[in-house]
Ligand SMILES: [Zn+2]
């Protein structure tokens, strides 16, 4: 036995009495049903398209990830080599640089002529002379850092 919902019954004109009425209603509802069917089909098609698009972007994403993974794999050797080289560089020069790196370049001021000067790069504390030729006062590390 078929169970038909009231809405469908109404649409089909089953519940309404009267031959003529049913016939007319049937006509109207037929086109109405068709519209509904088309709507449903369109909706279905749209849903299918959405899924297809979803799959496509998913595939593209996976493809992209694959490319990335390949790029990482290809560059990993170079990256490790660069890191190793950098590590060697740091390890290779323990004596020339102070153990605590100064992030900001130091600026000293000559107490005699007030000329400002910075230590040369890689300065490890040897006495520095005032760059002012007319002054030329020599400063020890202790004096400079005081
Ligand atoms: Zn000076």
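Numbering (this note's numbering), first residue to last: 45 to 190.
Note that beta-carbon positions come from the ideal geometry of N, C-alpha and C, so glycine has one too.
Worksheet item: Who's in the neighbourhood of ligand 1, going by beta-carbon under 6 Å from any heavy atom, listed in chain order?
Response: Qualifying residues, in the order they occur: 154, 156, 157, 159, 174, 176, 179, 181.
Reducing DSSP to helix, strand and coil, say where residue 170 ends up. As a position in the chain shown, residue 170 is number 126, starting the count at 1. The answer is coil: DSSP assigns residue 170 none of H, G, I, E or B.
>> Less than 7 Å between the C-beta atoms of residue 162 and residue 171, yes or no?
In response: Start at 1 with the first residue of the chain shown, and residue 162 comes out as number 118. Start at 1 with the first residue of the chain shown, and residue 171 comes out as number 127. In this structure, residue 171 does not lie closer than 7 Å to residue 162 by Cβ.
Buried versus exposed, by CB contacts within 10 Å (16 or more), residue 157: The sequence position of residue 157 within the chain shown is 113, counting from 1. Answer is exposed; the Cβ neighbour count stays below 16.
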